[in-house]
Each structure stands twice: as C-alpha cells, then as structure tokens.
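One structure below.
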Amino acid sequence: MTFEQLQYFISIVEHDTFFDAAEDLHISQSALSKQIMRLEKDLDLKLFDRSRRKACLTDAGTAFYPEAVSLYQNYQHMLSCMKPYKSRPDALRIGTLPILTQYGLTHLFRRFENKYPDIPVILEEVEEPDLLQGLSDKRYDMVAARGHMLSGQPYETFLIAEDELSVVLPADHPLALNRCPVTLQDLAEESLILMNPYTSIYQLCMQLFKKENIRPHIVRTARTESILSAVSVKEGISLLPKSNFKIFHYENIALLPLHPAVTLPVVLAMEKGQNSSKNTALFLSFIKSEQSKQEITNL
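Counting with the UniProt record's numbering, you get residues 1 to 299 for the letters of the sequence shown.
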C-alpha cells in the first residue's frame, strides 16, 4: 500500500466515478483501476462494488475511507512540516531559549544570513528541558543558552551576550525606596515568586540561597509575564534577568541590582570534539568576528 494509492482511493470516493477521478488526477482510467486493484490485494479486501455504474463502496470500503483520509492527511502534514528542511539542506539549525529579542540576537543571526545568503539559519525556540536534549540528539547544530546551565558539561561555548540577575519588587517597597543594591539576606523574610523549577534561573537562585544558608519563602513559581504581573500588585518579590525589562513594561515595579552582582552570560554551545560542518565553522568564525567588534550585548 502506498500513499499515492490512498490518494487515488479518496479521489474516487469524492468524485463518485473512476472516470472523473482519473480526469482530476491526470492519469488514465485503466491506470487508476490497476492501482486500486493493487491496493485491494494488499489489504485483502474489496473496496468497491464494481457491479454498479458509479463507484459504490463496499462495507469494507466504507470503513476504510475515514482511515484512509486520516492517514493521507497526516502524511501531507508531515511533508509540509519537513519542507523547510528539504528545501534548505545546508541550513544551520539552532535551538534557543525564548531570549532572542531581549538580547538582540535575532539581528545577529540575520546579519549572518545577509552576509551568507546561501546558508539559511533555522531557529527553534524551546524551553530548557528540551534544549540540551536536542543538541545531544543532533537535532541542533548548536544552541543559544544561559551559560550557567552548561556548567560542568562537555560543551564548547562562545559568549554572545551578558546579563545580570536583578531584584524585582513593588515600587513602594521599603527596599525600593532606599534605592540601594539588595543582598540575598535582605530577601530572607520576603515572599518570593520565582521562575518555574525547570528553568536554570530558578536553579541558580536556589544555589545562591543555599550558599548563604537561606531558606527562601517561595510563595509560587511562574513564567516571567505572570511574575511581573504579580509583583506589580504586591504579591511578592522576584529575581529575574535584567534584560526582561527590555521587552516587558509594568507600572509600579522597581528594578534593583543584586549585591554582590550575579552575571548571566548567554552563549552559543556545541558539543566538544564534534566534527562541525563547513557552515557551522563559518558561523562560529562570524560570531568571533562580531566579538572582536565588541558587538556583544552588555546590559
């Protein structure tokens, strides 16, 4: 059984006759009939009652029709999903956290495409649990990630942006009114709303608190937008990358530096010892060139 045979079968049902289906498919009626006979042989079923003038389905054909439609539609959907990869065999596939806008990385990738128009860049935004798995599975040539999530792992990294961990709190909070850098000890008794536990930012925060022997009072975890909304109505305080304030704007929120400062490097990472393709090597050379121009994003 082939997908082409499924297409022929569906067309016959939709047109009611072999003749009209053959016309629509631009093949001869005899060729169409032969394909349907092969399909019936593979299935060991009779799909059409050929004693009638029109293409009437047997009971087996009636049961088979919705299954054939579903299977053929899934096949077409799969082909559609694969088109970007098929039409761009030499594309660089880069997995990334949803951080491109706040660090201006989209422009960096597009400048590469402008310089090398024959090497398209396919960017796939995923959450952190899937990022390194995709790199390990060879789904990505490289990933754009926060540097601290790669600590101690066998990856070669290239710095592309820098950020810092900041304290986010209601504008009228006493700590905000002082306008001074905030320490982790200052947050020991505060209600905290942190990023979701699967994120590297959450894990980093927990490591920092543990280092200071602080048991943080975490009231809930959430995504960035929900955290900022909650802080704006005084539900708690958070620790977030400073760059978030490039894309999210909320009233009644203050942003203060953490003391001592905690830097958040953003890197491109690939497996060490990996035999990189010519295009990957060219892209890394481009990144290094951008670094030499001091075009790394510093916040």
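Virtual Cβ for every residue (Gly too), placed ideally from N, Cα, C.
Measure the alpha-carbon distance for residue i versus residue j and round it to whole angstroms.
i	j	result
residue 245	residue 2	54 Å
residue 98	residue 202	16 Å
residue 241	residue 67	50 Å
residue 161	residue 105	8 Å
residue 136	residue 81	22 Å
residue 61	residue 47	4 Å
residue 108	residue 175	37 Å
residue 15	residue 42	23 Å
residue 284	residue 163	21 Å
residue 58	residue 79	31 Å
residue 213	residue 102	32 Å
residue 234	residue 259	22 Å
residue 295	residue 211	With a pLDDT of only 47 at residue 295, under 50, the local geometry of the prediction cannot be trusted, and no value is derived from it.
residue 171	residue 232	8 Å
residue 255	residue 217	20 Å
residue 36	residue 44	12 Å
Restricting to Cα atoms, I'd like to know which of the options is closest to residue i.
i	options	result
residue 169	161, 160, 180 and 159	180
residue 123	100, 26 and 8	100
residue 207	239, 56 and 190	239
residue 250	61, 230 and 53	230
residue 237	108, 285, 119 and 195	195
residue 138	270, 284 and 286	270
residue 193	185, 219, 211 and 214	219
residue 70	9, 18 and 20	9
residue 133	149, 19 and 34	149
residue 141	253, 156, 255 and 289	156
residue 304	114, 20, 165 and 13	Absent from the model: residue 304. The displayed extent of the chain is 1 to 299, so no value can be given.
residue 265	145, 279, 182 and 288	145
Between residue i and the ligand SAH, is the CB less than 6 Å from at least one heavy atom?
i	result
residue 136	This structure simply doesn't include the ligand SAH, nor any ligand for that matter.
Per the DSSP calculation, residue i is bridged to which residue(s)?
i	result
residue 143	95 and 269
residue 222	195
residue 255	168
residue 231	In DSSP, residue 231 forms no bridge with anything.
residue 240	166
residue 56	49
Compute the beta-carbon to beta-carbon distance between residue i and residue j, rounded to the nearest angstrom, for a pair I have assumed lies under 8 Å.
i	j	result
residue 143	residue 131	5 Å
Every unbroken alpha helix (DSSP H) inside the stretch 73-139 [4 residues or more]: Taking only runs of at least 4 residues, the alpha helix (DSSP H) segments lying wholly in the stretch 73-139 are 105-115 and 128-136.
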